[in-house]
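What follows is one structure encoded as structure tokens, with my remarks underneath.
In UniProt numbering, the protein residues as written are 1 to 171.
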């Protein structure tokens, strides 16, 4: 199985919206409401205050050269500090879960992040998302101890240092 990542553009609204609808099980858990008809547009435009358009990246996940989008990473470069990549969202369509696609996609994302000079990745896992927590811990993430609010829920912040060997020399 070959997993490929491609940067999505606003021209990809329709395939992204279709993916988000297929991922409604997770998105309803996350947002406490059905997937909106503007979800793809919102994913492109929503970002924390002070983050520029150029720092927000939506990376599509494709498998075996197929044109169907099976997942997406929502990324913010240089946030909250330089050289840190924030992984704001990762979703895979239900039929692509449990097949190793997520692991391979994340490994490709980490290579991309290193090539962009990032040395740390941060992400949040919502309380109650035990499968997600297990996945990220298996990918080498550690809990930071930070807990932050998200709508009616809370999430824990996880981090991983990338691109460095154990004695802190860059690869």
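Backbone N, C-alpha and C fix where the C-beta goes; we use that ideal spot for every residue, glycine too.
Is residue 93 buried or exposed, if buried means 16 or more other CB atoms sit within 10 Å of its CB?
Against the chain shown, residue 93 aligns to sequence position 93. Burial state of residue 93 is buried, judged by a 10 Å Cβ sphere holding 16 or more other Cβ atoms.
Please state whether DSSP places residue 6 in a helix, a strand or coil.
For the purposes of this step, residue 6 is taken as residue 6 along the chain shown, with counting starting at 1. Strand at residue 6.
Residue 90 bridges to which residues according to DSSP?
Translated into positions along the chain shown, residue 90 becomes position 90. 73.
Please look up how many angstroms separate the CB atoms of residue 161 and residue 119, rounded, as I've assumed it's under 8 Å.
Stepping through the chain shown from its first residue, residue 161 is reached at position 161. Stepping through the chain shown from its first residue, residue 119 is reached at position 119. Contact annotation, residue 161 with residue 119: C-beta distance approximately 6 Å; criterion of less than 8 Å satisfied.
Taking the alpha-carbon of residue 43 as reference, which of 90, 153 and 157 has the nearest alpha-carbon?
The sequence position of residue 43 within the chain shown is 43, counting from 1. Ranking the options by Cα distance to residue 43, first place goes to 90.
Distance, residue 121 Cα to residue 144 Cα:
To locate residue 144, count along the chain shown from 1; it is residue 144. To locate residue 121, count along the chain shown from 1; it is residue 121. Approximately 12 Å, taken between the alpha carbons.
Going by C-alpha distance, which of 65, 10 and 58 is nearest residue 3?
Walking along the chain shown from the start, residue 3 turns up at place 3. Taking only the C-alpha atoms, the option nearest residue 3 is 65.
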